[in-house]
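Taking it in order: structure first as structure tokens, then the write-up.
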Amino acid sequence: MSLLIYGLINSIILALYTVGFSLTYGISGLANFAHGALYILSGYTAWSFLNILGLPFWASAPLAVIATALVGFLFYWVLLLRLRGIALAELIVTFAAGVAILELLTWKGFYGIRYSLPLFLRGGVEIGNVAVDYQRLFVVATGILLVILLWLFVHHTKIGLAFRAMAQNERTALSIGIESDWIGSLSLALGSALAAIAAMVVLPLGVMESTIGYEVLIYALAVAIVGGLESTLGMIAGSFIIGYGQILAARYIGAKWMVIVPLAAIVLVLIVRPSGLFGKFKELEERV
Amino acid sequence: MTEPGSKFRKKRLDRGIKARADTIFAVASWREILYLLLPRALPAGFLLLLPLFLDGYWEKVLVYACMFGLLALSWDFLASCGLFSLGQSLFFGLGAYLAGGLNYYLHWPPVVTLPVATIGGGLICSALLSPVMRLRGVYFAMVTLMLPILFMKGIEATGLLGGTHGLSALSPLVHDKVSAYLAVLGFLVCLFAFRRVINSDYGLVLMAIRDDDRAVMSGGINIYWRKSQALFIAGSVGAFAGALMTHHYQFVGKSVFALDYSILPVAAVALGGQGSFAGAALGAMILVPLSEALRALGGLRIAIYCSILILSILTLPEGVFHYMERKYQQFETKVEVR
Chain D
0 MSLLIYGLIN SIILALYTVG FSLTYGISGL ANFAHGALYI LSGYTAWSFL
50 NILGLPFWAS APLAVIATAL VGFLFYWVLL LRLRGIALAE LIVTFAAGVA
100 ILELLTWKGF YGIRYSLPLF LRGGVEIGNV AVDYQRLFVV ATGILLVILL
150 WLFVHHTKIG LAFRAMAQNE RTALSIGIES DWIGSLSLAL GSALAAIAAM
200 VVLPLGVMES TIGYEVLIYA LAVAIVGGLE STLGMIAGSF IIGYGQILAA
250 RYIGAKWMVI VPLAAIVLVL IVRPSGLFGK FKELEERV
Chain G
0 MTEPGSKFRK KRLDRGIKAR ADTIFAVASW REILYLLLPR ALPAGFLLLL
50 PLFLDGYWEK VLVYACMFGL LALSWDFLAS CGLFSLGQSL FFGLGAYLAG
100 GLNYYLHWPP VVTLPVATIG GGLICSALLS PVMRLRGVYF AMVTLMLPIL
150 FMKGIEATGL LGGTHGLSAL SPLVHDKVSA YLAVLGFLVC LFAFRRVINS
200 DYGLVLMAIR DDDRAVMSGG INIYWRKSQA LFIAGSVGAF AGALMTHHYQ
250 FVGKSVFALD YSILPVAAVA LGGQGSFAGA ALGAMILVPL SEALRALGGL
300 RIAIYCSILI LSILTLPEGV FHYMERKYQQ FETKVEVR
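Respectively, the protein sequence lines represent chains D and G.
Residue numbers are given in numbering that gives the first Met the number 0: position 253 of the first sequence equals residue 252, and the series is strictly consecutive.
Residue numbers are given in numbering that gives the first Met the number 0: position 91 of the second sequence equals residue 90, and the series is strictly consecutive.
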């Protein structure tokens, strides 16, 4: 029973890590390697609002999300605009910017027990005979809600439909008046905001450290590779496979083998189905 | 300078000496021979003489620069067949651990471990990455980024191969000068060999895979086999650097999978210019001494590399080497646009 519950929580956390990355890639074909850095940056932004400006957490968390979205938006217009379409340069620049942010944060001394975000909800509950605290349940609720909202957003709003049009065919989208730079920057902003939301609900479970930024990026990449980069269903399936795999490995082999699970999952998936379990959409193009 | 209303454009022409010296192949005078030879022989000779004059700290810096030069060359080689790696530390670390492990557990001397680690590292790299080669785009970069970090965590968690403490007291190379010369020679041989290979038929196929892999497939060439050969070559070069480093410091630890070894080669290529190998070498020779000078800044160093990387991609996308090459071989004039 505890296996079931903690596996679910772990999976939802992984899905939260991935959702922003996979959204940005799916819409504008932009692999945002600064994703983990934005995640941790939003944590520190919230911390600063909380402890330096003295705002309450319910105000500083949304502010941090907005600030991170703004960072993503500016990031597109300042750096990426000149490099659109050169996959290599995009990749190097996002990665370098991410590493620069993380290393700057480490250098400024943002690590240690002092830096942690408060819990939204205190206390816990017993499900069956497993003790679960409310914050973890809150994470699960947020994850599920976010996926539903996103689905509604991309299927039933004008901007969401424009996102999907861009994802399907950029030129046709251009020809019916969807401006690709505008949508691209919005997709990066939305991806960053999703990273920030994930940070707001997941970070209170532990302390903040900039190494977590690398971890988030790695898990996001692992889930995206296993599930297939551009499909939402694949993302969910990927996070459940890796999430439960990790909990199973921790239970039956030993906690230290948890880190091997994503690696093994990636290797297996790449051998069996190189474009990911649900990545049918671009299979022909990518599988050359 | 420009009058309002009139516009100028730059006009570039090859210098006469370039046209005579490299297309007609009628090298008639000392001037022409020197024109061709100096840019190649001067840096090479300088590097070969350098270990004689340096010792102690700066000799270590030279070895370091050659290591990173090798990693940057191996990156450039992979990039010229369309594989963009973000994990050069994978090659480096595999070579380092192979050499270290063989020396530590089996007591093989460096004369044996160096070649074994070089070849073995290349084989393991191409075996590990062979599933990814079937994919285009960012997949290769993603997987290469993850592998070294997962290796690092694996070693940390399982305690295999010395765990967090690493393997120490490995056998040194005979003398510090020997390792310095091995590094310099390896670097130069690799540089000039790669420059030759990429212009041969073999290299043309590799570059064609980068440009249009389907066309190469329709020419009846097995691109996966070619890509795994390229991976083997690049992996061996990286593994050689790692193995040499292991014996030079007589120590190998999980830090060989660190991000430095992945970032700095990419930064070097971005600074120096991609595709010519000389650019990668030049970039490493600029960045490594610079980073030694920045050592006092500690953790900020990586942030500074990254800023250099971003700035050089945005402002001088062709790279320093291509810029210098153009100035050397062409002259520019301003022509009025009518």
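Beta carbons: idealized from backbone N, C-alpha and C, even for Gly.
Owing to the predicted nature of the structure, the values given are computational and were not obtained by experimental measurement.
6 Å Cβ shell around D:G71 - same chain, five flanking residues per side excluded: L187, A188, S191
Reduced DSSP secondary structure (H/G/I, E/B, other) of G:T1: Residue placement at G:T1 cannot be trusted, given a pLDDT of 48 that sits under 50; what the coordinates show is reported in the next sentence. Three-state result, G:T1: coil.
Pairwise C-alpha distance: G:A266 and D:G212: 21 Å
Where G:F7 sits in the DSSP three-state scheme: strand
7 Å Cβ shell around G:M78 - same chain, five flanking residues per side excluded: One point to set straight first is that residue 78 of chain G is Ala, not Met, in the sequence displayed. Around G:A78: Q273.
Beta bridge counterpart(s) of G:L166 as assigned by DSSP: G:V251
Chain-order list of residues whose beta-carbon lies under 7 Å from that of D:S59 (same chain, five-residue window excluded): A45, F48, L49
Beta-carbon neighbours of G:P42, restricted to chain D and to distances below 8 Å: Close to G:P42, with beta-carbon spacing below 8 Å, lies no residue of chain D; the smallest spacing is near 26 Å.
Beta-carbon gap between G:K6 and G:V255 smaller than 9 Å: no
Test: D:Y38 CB closer than 9 Å to a CB of chain G: no
Coarse secondary structure for D:Q245, derived from DSSP in three states: helix
Boundaries of the alpha helix (DSSP H) in which G:V265 is found, first to last residue: 259-271
Where G:G298 meets chain D, residues with beta-carbon distance less than 9 Å: E102, L103, T105, W106
Where G:T143 falls: helix, strand or coil (DSSP): helix
Proximity test, Cβ basis, 9 Å: D:I270 and chain G: yes
Whole beta strand (DSSP E) elements within the region 185-226 of chain G, 3-residue minimum: none
Outcome for G:F52 when other beta-carbon atoms lying within 10 angstroms are tallied against a minimum of 16: exposed
Span of the alpha helix (DSSP H) around D:V77: 56-77
Expected contact under 8 Å - CB spacing of G:A269 and G:L190 to nearest Å: That pair is no contact at about 18 Å.
Three-state secondary structure (DSSP) of G:D54: coil
Close beta carbons around D:L82, own chain, < 7 Å, minus the five adjacent residues each side: A88, E89, V92
Host alpha helix (DSSP H) of D:A188 (start-end): Under the DSSP assignment, D:A188 falls in the alpha helix (DSSP H) whose first and last residues are 179-201.
CA-to-CA distance, G:L296 to G:S306, given in whole angstroms: Distance between the alpha carbons of G:S306 and G:L296 is about 15 Å.
Residue-chain proximity (G:T117, chain D), Cβ-Cβ < 9 Å: no
Residues from the region 253-267 of chain G in contact with chain D, defined by Cβ distance under 9 Å: Closer than 9 Å at the C-beta level to chain D, one finds these residues of the region 253-267 of chain G: L258, I262, V265, A266.
C-beta neighbour in chain G for D:F48, strict 9 Å: no
Cβ of G:S199 within 9 Å of any chain D Cβ: no
Extent of the continuous alpha helix (DSSP H) run through D:F32: No alpha helix (DSSP H) holds D:F32; DSSP gives it neither H nor E.
Beta carbon proximity, G:A156 to chain B, threshold 9 Å: Protein chains in the displayed structure are D and G, and chain B is not among them.
DSSP beta-bridge partners of G:L12: G:F330
Contacting positions in the region 83-100 of chain D - beta carbon closer than 7 Å to chain G: Contact annotation: in the region 83-100 of chain D, residues whose CB is within less than 7 Å of a CB in chain G are A86, L87, A88, L90, I91, V92, F94, A95, A96, V98, A99.
Same chain, Cβ closer than 6 Å to D:L104, five either side skipped, listed in chain order: S209
Cutoff 9 Å: G:T1 Cβ touching any chain D Cβ: Confidence is the limiting factor: at G:T1 the pLDDT is only 48, short of 50, which leaves the residue's position unreliable, though a coordinate-based value still follows. G:T1 does not count as touching chain D.
Where the alpha helix (DSSP H) containing G:A295 begins and where it ends: No alpha helix (DSSP H) holds G:A295; DSSP gives it neither H nor E.
Segment contact, 8 Å Cβ cut-off, at least three pairs: the region 255-262 of chain D with the region 143-156 of chain G: yes
Separation of G:Q249 from G:G318, as counted between CA atoms: G:G318 and G:Q249 have their C-alpha atoms spaced approximately 36 Å apart.
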